[in-house]
Structures are given as C-alpha cells and as structure tokens.
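Whatever position you read off the sequence shown (first residue = 1), add 70 for this note's numbering.
Cβ coordinates follow ideal geometry from the N, Cα and C atoms, glycine included.
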Amino acid sequence: MHHFHYRNGRLHCEDVSLDAIADEVGTPVYVYSSATLRRHARVIGEAFDGMSCLIAYSVKANGNLGVLKTLAAEGCGADVVSGGELKRARAAGIPPSRIVFSGVGKTREEMRLGLEEGIHQFNVESAAEVEVLSDVASLLGKTAKIAVRVNPDVAAGGHPNISTGKAGDKFGVPWEAADALYARIAELDGVEAVGVDVHIGSQIDAIAPMRAAFERVVTLVRRLREAGHAITRLDLGGGLGIPYKPGDDLPPPSEYANMIRQVTEGLGVEVILEPGRVIAGNAGVLIAEALFTKPAPKRTFLIVDAGMNDLMRPALYQAHHDILPLEERPDSTEQINYDVVGPICESTDKFATERPLPVIRPGERLAFMSAGAYGAVLSSQYNARPLVAEVLVDGDKYAIVRRRPTFDEMIALETTPDWLT
Ligand code: LLP
C-alpha cells in the first residue's frame, strides 16, 4: 500500500503533484510519502500488538532525518550500523533505549559512542569484537548489553548479494561457535549477554525460511538459559520483502507477526525487529526527466537524467523498479520496449531492459517506483554529479529535506596541496 496515484491525469504523492515538486526542485529527486511511512509503521506495530516488541527501524534503508523523525513520532526505535547512523537516530529524537547497534565492523570509537549514549543493545558479530567491546566498556566503567548475532545456516532465497544467513556469509557467529562465545562473555567485564540476534537476508518473499531460522534460534535461547545465561531478548532482524511489481505476492506483516508469535510463544523474551525496506521501500519514488531517445540496432534507448549513482539497485542486483510517466496514459496507448539508461559512463548504468512503456517524449518526467529503501542512501557523486535531492510530502505540504549541493560546495571539500598552487 502506498500513496502514489494518478489524479487528474498526473502522478501525485498524497495531495501533491510530482510535477510541482520537480518544477521547484529539479530532477533527479527522491520524493517520500509521510502517510505511507506512517501507515507501514502502524501496520507492523499493530501486527505485534500485545507482545513485548521493539520495532527498531533499520536506518540503513533510508536515513533521511525527515523520514526518521516521521517514524520516531510513530514510536519506532532504530537499528544502526555506524556512528553516523547512531548520530542521525539521536538527531531525529529516537531515545537511546530504543536503539540497537548492529554491524560486523564497529570501531572502538563507534563502540564508545554507543556506550556513552547508553543504547539498548549491541549486536556483536565475532569473538574478537566481544573482546574489544569488553575493553572499551571497562575503560569507560560501563557495561554493554549484548546479543550475539548467530548465523543459523539457513538460505533465505532472493538475490545472493543480499542473503546473509548461510554458513560462508560474512555475517554472524558460526552456529557451532555460539555456546562457547556466550561462555566467554560471562567471564568478561563490561559486557553482559542479554539476547540472541539473527538476520538472514533482505527482500525475503516467504515466511518458511524465516520460521526455520527463528525456530533454530529459539533452541539456542533454551540451551543458553540451561547453561545459566539470562537471555531475555530475541532480535529477529529485518528482511521482510515488498512488492516491486504488480503480481508480486509477499506475505503480509500479519502473517510474519503470527509466525513470530507462534515461534516465541511462552519464551518470555522481548522481541526486537529491524524492518527497513518494508517500511520505507514503497514510501518513495525517484523522479527523473527523459533527455533523449536513441534508436540502435534491435533496441531503443531512453536516456534519463538519473543515473546509477542516484539509484544503484538495478546495477547492483538487477533489481526491478516499475517506471511510471508522470502523465497518465490510457491503457490503450501504443507502447515501445525501451532500454532505460542513465548518463553515467558505465554499461551497468541501466534501469530496465526492453521495458514496455508508452512513447516517452524528451522533457517528459518519469517516476521510478518503490525507491524509498536503499535508494538515496546508496547514492554517490560519481561522474561529479551532485548528490540527489530529497523531498518529504505530508498531505498537501512538501519540504526539501535534503537539498542538492552546488558544484562549488562539492569542490570546497577538497584542498589543493601547496606544491600544486
Ligand atoms: N538488520 C540487519 C542486520 C541488516 O543487515 C539489514 C539489511 C536489516 C536489518 C534491514 O533489512 P530489510 O528489512 O530492509 O530487508 N541494498 C540492498 C539491501 C541490503 C540489506 C542490508 N541489510 C537492496 O537494495 O536490496
């Protein structure tokens, strides 16, 4: 469910015409819908109603402060993976008691930041990390509450680049090593094991692999308790997928929540969830302008002013994003199969191959749908292109929540060494 729809023949976000935004801000530009963000946060929250549950929105999916503040107002916590994300979550007003810190490579400085903020939990991913966290916390006279992220060796399905729960993936502690690591944590100062953490991948389109992983993890919780560890939390990560095209059949949050309810029944734990895409994905679009069409042997290129530096997902994962012209066309409109490409000097700068679209005229605008998660956050300045702008809509209002930098601002970050002046 999202709030992007045609009204009077033009594509709108809630009550705002996307043309009005593109006229003012220019293209490419991301546009996010507050109503969609709120709705997704509420649907997930309600699905877990009555359970002890922390919804820690995964900031990596979309860390714009406007997005974070919208979700903070809905009571979401945050799952962060860097000092920068931690600072953002705090700047958005998310209390430390609702923040979990994940990631395989935390620096001592990042650990210190988390400890000084007094965050809810560190999700640790290796024995070596535990030793360093113990040291950093002890030096500060603090105790880090930790969950060990275990690798349950379960295939999540989906694209291999975003699968994380198989033996051989870099994430988590090998299943066989978990018990020994908890025993070691019990010996160390500055760390207290309070939970178990698992995350098996992203854009997961079926409940079964998650159930298999979570059931395995519940056996570990019971075993750890028998060994004397006071495990009171279970962090089940994120990963629930979203529909990217009509006909995509994804399990609803209620089915996901019911499975978790069943699997954790009687366990007496606080469940922590780290949803990212399912909250932000369909709450955002990227608007681009068509520059040229170019006929070539056996294909027609449609060249747009957004590039892979603005939306990486097609180049990285061959991901599909629906493309809608801002001007609505009748169903009967003649269609052309376009290869939709950007201006970047890379062959992977391609958004779609042989995509049927109505005839697109230069100057016409298009929306890349479902781009709210892993869109702007993955953008870069490759080819010296300014970082893409972002706009947040709420009803009939909108605001630029990240403006496009000027070329002068981009250049000003660099200094010329004196031997070149
Ligand atoms: N928790 C952990 C530990 C994660 O690694 C991730 C995502 C999440 C939560 C949130 O997962 P979600 O609910 O959004 O699926 N760039 C890729 C996705 C990478 C996901 C990385 N980790 C893409 O565009 O598809």
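In the structure shown, the three-state DSSP call for GLU434 is coil. Residue pairing of GLN405 in beta bridges, as defined by DSSP: PRO428. Segment contact: the segment 347-355 against the segment 439-457, three or more CB-CB distances shorter than 8 angstroms; contact assigned.
Here the alpha carbons of ASP149 and ARG178 stand approximately 18 angstroms from one another. Residue side-chain check: TYR76 keeps its Cβ at 8 angstroms or more from all non-hydrogen atoms of ligand 1. Ligand 1 never approaches ARG168 closely enough for any of its heavy atoms to be under 8 angstroms from the residue's Cβ. Distance between GLU199 and GLU262, taken at the CA atoms: about 14 angstroms. DSSP lists GLU262 as the bridge partner or partners of LYS215. Within a 10 Å sphere around the beta-carbon of LEU394 sit 16 or more other beta-carbons, which makes this residue buried. Take the alpha-carbon of HIS75 and the one of VAL355: they are about 12 angstroms apart. In this structure the segment 170-187 does not lie against the segment 245-254, because fewer than three pairs of beta carbons, one per stretch, are closer than 8 angstroms.
Contact annotation: ALA142 and GLY115 have beta-carbon atoms that are not nearer than 9 angstroms. The beta carbon of SER152 sits no closer than 8 angstroms to any heavy atom of ligand 1. Burial of LEU294 is indicated by the presence of at least 16 other C-beta atoms within 10 angstroms of its C-beta. By the rule of a C-beta closer than 5 angstroms to any heavy atom of ligand 1, the residues picked out are SER128, ALA131, SER172, ILE232, HIS269, SER272, GLY307, GLY308, GLY309, GLU344, PRO345, GLY346, ARG347, ARG383, TYR444. Residue environment: LYS176 is assigned as buried (16 or more neighbouring CB atoms within 10 Å of its CB, all protein chains considered). Here PHE438 is buried: its Cβ has 16 or more other Cβ atoms, across all protein chains shown, within 10 Å. The beta-carbon distance between VAL243 and SER196, rounded to whole angstroms, is 6 angstroms. This is short enough to meet the 8 angstroms contact definition.
Take HIS110, set aside five residues on each side of it, and the residues of its chain with a beta-carbon closer than 6 angstroms to its own are ILE349, in chain order. The beta-carbon distance between VAL266 and ALA226, rounded to whole angstroms, is 18 angstroms. This is too long to meet the 8 angstroms contact definition. Ranked by Cα distance from ARG472, the options TYR452, GLY311, TYR100 are led by TYR100. The three-state reading of DSSP puts ILE393 in strand, counting E and B together. Rounded to the nearest whole angstrom, the CA to CA distance from ALA90 to ASP488 is 46 angstroms. Leaving aside the five residues that flank ALA159 on each side, the residues in its chain whose CB is nearer than 7 angstroms to its CB run, in chain order, VAL129, LEU138, ALA148, VAL150, ILE169.
For the segment 278-317, the full-length beta strand (DSSP E) segments reaching 3 residues or more read 303-305 along the chain. The residue from LEU372, GLY311, SER204 with its alpha-carbon nearest to that of ASP259 is SER204.
PHE241 carries a coil assignment under DSSP once its states are collapsed to helix, strand and coil. For ALA161, the enclosing alpha helix (DSSP H) covers residues 153-161. Separation of THR334 and ARG292 (C-alpha to C-alpha, rounded to the nearest whole angstrom) is 11 angstroms. Non-local C-beta neighbours of LEU320 in its own chain, meaning closer than 7 angstroms and more than five positions away in sequence, comprise ASP275, GLY311, ILE312, PRO313, ordered along the chain. Excluding the 5 residues flanking it on each side, GLY465 has same chain C-beta neighbours closer than 6 angstroms at GLU84, ASP85, in chain order.
When secondary structure is reduced to three states using DSSP, LYS130 falls in the helix class. Contact between the segment 322-329 and the segment 367-387 is absent, with fewer than three C-beta pairs closer than 8 angstroms. Note on geometry: alpha-carbon atoms of GLY173 and PRO365 lie some 46 angstroms from one another.
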